[in-house]
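Quick notes on the structure that follows.
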Amino acid sequence: MKKLFKSAGVISGFTLLSRILGFVRDIIIAGLFGTNVTAQAFFVAFRIPNTLRQLTGEGAANAAIIPVLTEYIGDKDKRQFWHIVNTLLNLIAVILTIVAIIGTVFAPII
Numbered sequence: 001m002k003k004l005f006k007s008a009g010v011i012s013g014f015t016l017l018s019r020i021l022g023f024v025r026d027i028i029i030a031g032l033f034g035t036n037v038t039a040q041a042f043f044v045a046f047r048i049p050n051t052l053r054q055l056t057g058e059g060a061a062n063a064a065i066i067p068v069l070t071e072y073i074g075d076k077d078k079r080q081f082w083h084i085v086n087t088l089l090n091l092i093a094v095i096l097t098i099v100a101i102i103g104t105v106f107a108p109i110i
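In my numbering, the protein residues as written are 1 to 110.
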């Protein structure tokens with residue numbers, strides 16, 4: 001139980017740090033761009049990668065993956081666990097590479 005509270009504290013601490021850094025980022029952007037059309041364009045462009053981060057890091061994907069990995073690391077062979085982790089990381093890398101290429105190719109149009 002003590003380990004659970006320690007892990008929850010670490011996750012909470014990093015979440016708080018992430019929120020604070022995001023707030024600082026917004027302050028810096030507002031200081032550099034102001035509240036004009038340029039700032040609004042930046043926030044619109046930032047929306048796409050931010051949404052992808054939320055889906056992969058905080059959203060449904062995270063809720064679906066963590067229980068499976070927990071089951072494999074607790075009850076099953078470690079090689080199977082690392083095979084799943086490797087497959088997931090490779091899949092994420094391929095998807096993000098495709099998204100980056102599409103974004104780069106279509107950037108002039110967007």
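Heads up, the beta-carbon is just placed ideally off N, CA and C, and yes, glycines get one too.
Using the three-state DSSP reduction, which class does residue i fall into: helix, strand or coil?
i	result
residue 49	helix
residue 103	helix
residue 108	coil
residue 76	coil
residue 35	coil
Assuming residue i contacts residue j under a Cβ cut-off of 8 Å, what Cβ separation, rounded to an integer in Å, is found between them?
i	j	result
residue 33	residue 42	6 Å
residue 69	residue 84	7 Å
residue 48	residue 39	With a Cβ gap of about 17 Å, residue 48 and residue 39 do not count as contacting.
residue 55	residue 61	6 Å
residue 92	residue 81	Not a contact, Cβ separation roughly 17 Å.
- Message: Three Cβ pairs or more, each shorter than 8 Å: is that satisfied between the segment 84 to 102 and the segment 64 to 72?
- Response: yes
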